[in-house]
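Numbering (my numbering), first residue to last: 1 to 1004.
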């Protein structure tokens, strides 16, 4: 009845009136009686502080939640059910629901780094069981950072990995080197493996979808990928769904960008004095100075923007899980019209179809668009950046007839010629899908089948206005369109076996893989467009009144068939051993030379498990590692490089040889020995990893110079030998764990010495790299030195009597007219060491992260400064020329004006070779976790806001825009220039500093 008092479940059972009323209620079920609402708090067993974000799941169901900002949780569970509490860095705990509905849970900290599962080639291992050199970057390392390309996450975070931006332009790529460079004329970029699919480009993916990145640095770790692994392997695993209540998460940030530094140039009045002195006459009058005063650097450089939006839904049950995401990234550059945007969608599914069959699928679809702006990246002269520095302030933006203003003394246009007078737009569509099945055949024996497709469709369009620019009017305008599509498929079939008996643990892998890549590219172009057609869409303008060049089509195809195997054995976690082998058959090489076998061996000894270490309580883990292995390199080698190619005239039928190639062409082979140590102290408060390696590459491909009678300048030969020797160190510390305070630090530093042991028979020196306009080549390839060696004259200062720059001769004298034989090796573009330091300090709901990254010991040739201080024409100059020599007796470091246009005062020399070392505050982020009592009112389970600064401070002696330069790093350049022409600054689009605001939320 209404007044019946019920105090216990027994009272309910013994009261038939109440039971009858409940069963007649349509909303009543048995579960309503049996279910309990369980509440509680999860704390650290040592500090007693609440733990935020602990996973709370009812075992065997999809019921799950997580603790809030005060460590509290609420979940519904039946009596007798088991609740599992798990948290990164802590031992998991299981609690059976009993009579009480309130649970107080304490989790014990463990050394999470040791128990961390690391994804390696064709499998995973606990980090503490690794016998190779592997660096790991997690999703937490990427969070709250304005990363567009996933490769940026490795900069300063992974020991032994050098990451250099090709440019500061939106969507610009990266050059990544793992333990130095190993090739001269082939590829030096690592192999990327995303969810099991090997590839060379990861720019299409959203970094927010990444769960972890494993960098396989030594041959023992990477040899399972054989002929594509000599430059290291970056294994990327994307996020998957987790059984439990579905989670809806949203994150966004918005920021503004500006140059890290601006360079000072002459104003209108200063330019007038310089130009009249250079020409020896009054060519710039007062009226010209008064008519225009356009500060071109400020006119061209503007504030850019960067924004990102990520929405994801994940969850599932014990039968299936899902992770679905949508991401949009947009960048507007500091120089118009440079833009980049990307839309990415991802669906990752896992279905346990039966007790013996699991089906896995991963699909990502992306579209990116970019509008490029011409800079001096990879070109000897020209582009908007150098134009902004060299256009005098007296030059108007536009002439009276609407054309772009130009300098009548040089015939050069102002920067709007590169901004408004042309465009270079591109669109990239990419679909990548991977479908797999895991079949449990017997106890411990699993068959895994994977089939993946990587499809890309790329379009680039170039247009030169036939009216606005001088060159456009001379040529009648130009336009071209290139369309490329690529289809790569991969089939992998592997068997995995695991067996444990007593203290013995054994696992084995055997497999077969096949991969095929087909690419087709078509280009059409035209010129002599009528000005009235310039505003039409590209297709219409092309079809109108233009002279069309014959279209060209290229087809490229290669295939790779491989067999692989691996065994792992450890005894009691004390003695560890691994062996890998892979046999590759590549179509890129001549028949009879296509097959190679790449073995590796590694072993580990965990001293901390030995009896003599039992009483050393400060040491939690101590392991020694040793590894040796071989890898190959076919990346960057053409599909038909082993064939002599000819061209056929479609009109006359004449056949003309265009290249020659040796039938002996084969892959480069890298052998690497690694000795390492892993250690953990004071219950995980301090962890340390150190490695020493020797990496030697034979059969290095080099474009070998040929005698003139051969009819060709060079031919690709496997002739050179290269070596890298280095050390890597990583130390992580938990400096403060007290009350509400936490302070963690991670520091890594890497040393690498690159040396060319041999170029080829009879060749010890080549100087055909790093071109500088009208000055020749700034970089040489020399036996006994490393890649990126600068070659030129040693500057001796300015002669106070003549104002001429003096140079050191080979006889030790000073002259203003040096001979080519006076040139010598000047310094290296390769750093002595690179480093990264990350500090994270948290107090209650606030977290401050400061990430510092740097490079030390490398040189940069400032070709942009050479142009801006040459004083050989009427281009505007750097403000540095205000202290130029002007009369006999002047003591200065800047020579006098060259009235006869001689370039002897600005030769390739140590005058423009600068220290490229830098220390950069890469990221500072302050975040705040919104309290649970606030979240409960707005329907959120988690929310945080943050402010961040990127590239806020750079300490360097370099005089250019930014010390992170890589003018020849663009993939459009030849491998020779990409690999050898390092550290050359031709005035590339500079890096940006950024201020941003971000938000992360999760719905209940």
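Where is the CB? At the ideal position from N, CA and C, for every residue including glycine.
**OP:** Check each candidate in 960, 982, 937 and name the one with the smallest Cα separation from residue 1004.
**Re:** Mapped onto the chain shown, residue 1004 falls at position 1004. Checking every option, the nearest Cα to that of residue 1004 belongs to 937.
Subject >> Short Cβ contact (9 Å threshold) for residue 221 with residue 842 >> reply: Locating residue 221 in the chain shown gives position 221, counting from the first residue. Locating residue 842 in the chain shown gives position 842, counting from the first residue. Contact: no.
**OP:** Give the C-beta separation of residue 490 and residue 477 to the nearest angstrom, bearing in mind that I take them to be a contact with Cβ-Cβ under 8 Å.
**Re:** The residue given as residue 490 occupies position 490 in the chain shown. The residue given as residue 477 occupies position 477 in the chain shown. 44 Å between Cβ atoms; not a contact.
Subject >> Rounded straight-line distance, which links the Cα of residue 250 to that of residue 788 >> reply: The residue given as residue 788 occupies position 788 in the chain shown. The residue given as residue 250 occupies position 250 in the chain shown. So the alpha carbons of these two residues sit roughly 44 Å apart.
Subject >> Where residue 59 falls: helix, strand or coil (DSSP) >> reply: Position 59 of the chain shown, counted from the start, is the residue given in the question as residue 59. Looking at residue 59 - three-state DSSP - the assignment turns out to be coil, as it is neither helix nor strand.
Original post:
residue 731: which of 680, 639, 167, 811 sits nearest, CA to CA?
Top reply: Translated into positions along the chain shown, residue 731 becomes position 731. Of the candidates 680, 639, 167, 811, the one whose C-alpha sits nearest the C-alpha of residue 731 is 680.
Subject >> Length of the line joining the Cα atoms of residue 945 and residue 726 >> reply: Here residue 945 corresponds to residue number 945 of the chain shown, with the count starting at 1. Here residue 726 corresponds to residue number 726 of the chain shown, with the count starting at 1. Looking at the two C-alpha atoms, the distance is approximately 41 Å.
**OP:** Grab me the residues of residue 475's own chain with a C-beta within less than 8 Å of its C-beta, minus the 5 sequence neighbours each way, in chain order.
**Re:** The count along the chain shown starts at 1 and reaches residue 475 at position 475. Counting only Cβ-Cβ distances below 8 Å, and skipping sequence neighbours, we find 464, 466, 527, 528.
**OP:** Using 10 angstroms around the beta-carbon of residue 98, count the other beta-carbons present and answer buried if the total reaches 16, otherwise exposed.
**Re:** Position 98 of the chain shown holds residue 98. Exposed, since its Cβ has fewer than 16 Cβ neighbours within 10 Å.
Original post:
Between residue 509 and residue 487, is the Cβ-Cβ spacing less than 9 Å?
Top reply: Position 509 of the chain shown, counted from the first residue, corresponds to residue 509. Position 487 of the chain shown, counted from the first residue, corresponds to residue 487. No.
Subject >> Spatial neighbours of residue 367 in its chain, beta-carbon cut-off 6 Å, leaving aside the 5 residues before and after >> reply: As a first step, residue 367 must be located in the chain shown, where it is residue number 367. 343, 429, listed in sequence order.
Subject >> Reference residue 87; option with closest CA among 67, 81, 76 >> reply: For the purposes of this step, residue 87 is taken as residue 87 along the chain shown, with counting starting at 1. The shortest Cα separation from residue 87 among 67, 81, 76 belongs to 67.
Original post:
Out of 328, 197, 239, which has the shortest C-alpha to C-alpha gap to residue 253?
Top reply: Here the question's residue 253 lines up with position 253 in the chain shown. If we check each option's Cα against that of residue 253, 328 comes out closest.
Subject >> Nearest neighbour of residue 130, chosen from 577, 774, 632 [CA to CA] >> reply: Within the chain shown, the letter at position 130 stands for residue 130. When only C-alpha atoms are compared, the closest one is 577.
**OP:** Give every residue of the same chain whose Cβ lies closer than 8 Å to the Cβ of residue 117, excluding the five residues on either side of it in the sequence, and list them in chain order.
**Re:** Residue 117 sits at position 117 when you count from the first residue of the chain shown. Within the same chain, residue 117 has close Cβ partners 124, 125, 126, 127.
Original post:
Helix, strand or coil for residue 272 per DSSP?
Top reply: As a first step, residue 272 is located in the chain shown; it is residue number 272 there, counting from the start. Residue 272 falls in the helix class under three-state DSSP.
Subject >> Identity of the residues DSSP links to residue 422 by a beta bridge >> reply: Taking the first residue of the chain shown as 1, we reach residue 422 at position 422. The partner list for residue 422 (beta bridge, DSSP) reads 464.
Subject >> Residues sharing a beta bridge with residue 526, DSSP >> reply: The residue given as residue 526 occupies position 526 in the chain shown. The partner list for residue 526 (beta bridge, DSSP) reads 479, 548.
Subject >> Segments of 3+ residues assigned as beta strand (DSSP E) that fall wholly inside the stretch 539–627 >> reply: Listed in chain order, they are 547–571, 575–586, 595–606.
**OP:** Taking residue 937 as part of the alpha helix (DSSP H), name the residues at either end of that continuous run.
**Re:** The residue you call residue 937 lines up with position 937 of the chain shown. Segment 932–938, the alpha helix (DSSP H) holding residue 937.
Original post:
Is the stretch 959–966 touching the stretch 757–764, taking contact as three or more C-beta pairs under 8 Å?
Top reply: Judged by pairs of C-beta atoms under 8 Å, the stretch 959–966 does not touch the stretch 757–764, as fewer than three such pairs exist.
Original post:
If you count every other CB in all the chains shown that lies within 10 Å of the CB of residue 713, and 16 or more means buried, which is it?
Top reply: Here residue 713 refers to the residue found at position 713 of the chain shown. Classified as exposed, residue 713 has fewer than 16 neighbouring CB atoms from the shown chains inside 10 Å of its CB.
Original post:
Which residue's Cα is closest to the Cα of residue 891: 909, 672, 804?
Top reply: Translated into the one-based positions of the chain shown, residue 891 becomes position 891. Measuring from the Cα of residue 891, the nearest candidate turns out to be 804.
**OP:** For the beta strand (DSSP E) containing residue 298, list its first residue and its last residue.
**Re:** For this step, residue 298 is matched to residue 298 along the chain shown. No beta strand (DSSP E) contains residue 298, which is instead part of the alpha helix (DSSP H) from 296–300.
**OP:** Could you spell out where the beta strand (DSSP E) holding residue 1002 opens and where it closes?
**Re:** Residue 1002 sits at position 1002 when you count from the first residue of the chain shown. First-last of the beta strand (DSSP E) with residue 1002: 992–1003.
**OP:** Write down every uninterrupted run of the alpha helix (DSSP H) in the stretch 395–421 whose length is 4 residues or greater and which is fully enclosed by it, in chain order.
**Re:** 416–419
Original post:
If we count the other Cβ atoms within 10 Å of its Cβ and call it buried at 16 or more, is residue 401 buried or exposed?
Top reply: On the chain shown, residue 401 is found 401 positions in, with the first residue counted as 1. Exposed, by the Cβ-count rule.
Subject >> Span of the alpha helix (DSSP H) around residue 288 >> reply: Mapped onto the chain shown, residue 288 falls at position 288. It spans 286–291 - the alpha helix (DSSP H) in which residue 288 sits, taken as one unbroken run.
**OP:** Assign residue 315 to buried or exposed, taking buried as 16 or more other Cβ atoms, counted over all protein chains shown, within 10 Å of its Cβ.
**Re:** If you number the chain shown from 1, residue 315 lands on position 315. Under this definition residue 315 is a buried residue.
Original post:
For the putative contact between residue 166 and residue 231, defined by C-beta atoms under 8 Å, what is the C-beta separation to the nearest angstrom?
Top reply: If you number the chain shown from 1, residue 166 lands on position 166. If you number the chain shown from 1, residue 231 lands on position 231. The C-beta separation of residue 166 from residue 231 comes to about 17 Å, leaving the pair out of contact by the 8 Å criterion.
Subject >> Three-way DSSP call (helix, strand, coil) for residue 973 in this model >> reply: For the purposes of this step, residue 973 is taken as the residue at position 973 of the chain shown. Coil, per DSSP.
Original post:
When the distance is taken between beta carbons, is residue 144 closer than 9 Å to residue 325?
Top reply: Here residue 325 corresponds to residue number 325 of the chain shown, with the count starting at 1. Here residue 144 corresponds to residue number 144 of the chain shown, with the count starting at 1. Cβ atoms of residue 325 and residue 144: not closer than 9 Å.
Subject >> When 241, 151, 146 are compared against residue 136, the one with the closest alpha-carbon >> reply: Working through the chain shown from its first residue, we reach residue 136 at position 136. For the residues 241, 151, 146, the minimum Cα distance to residue 136 belongs to 151.
Subject >> Residue nearest to residue 411 in terms of C-alpha spacing, selected from 986, 424, 390 >> reply: One-based indexing of the chain shown puts residue 411 at position 411. Minimum Cα distance to residue 411 is reached at 390.
**OP:** Using alpha carbons as the reference points, say which of 423, 387, 424, 422 lies closest to residue 406.
**Re:** Here residue 406 refers to the residue found at position 406 of the chain shown. Closest by alpha carbon: 387.
**OP:** Would you decide whether residue 63 is buried or exposed? Buried here means 16 or more other CB atoms lie within 10 Å of its CB.
**Re:** Here residue 63 corresponds to residue number 63 of the chain shown, with the count starting at 1. When all chains shown are included, residue 63 counts as buried.
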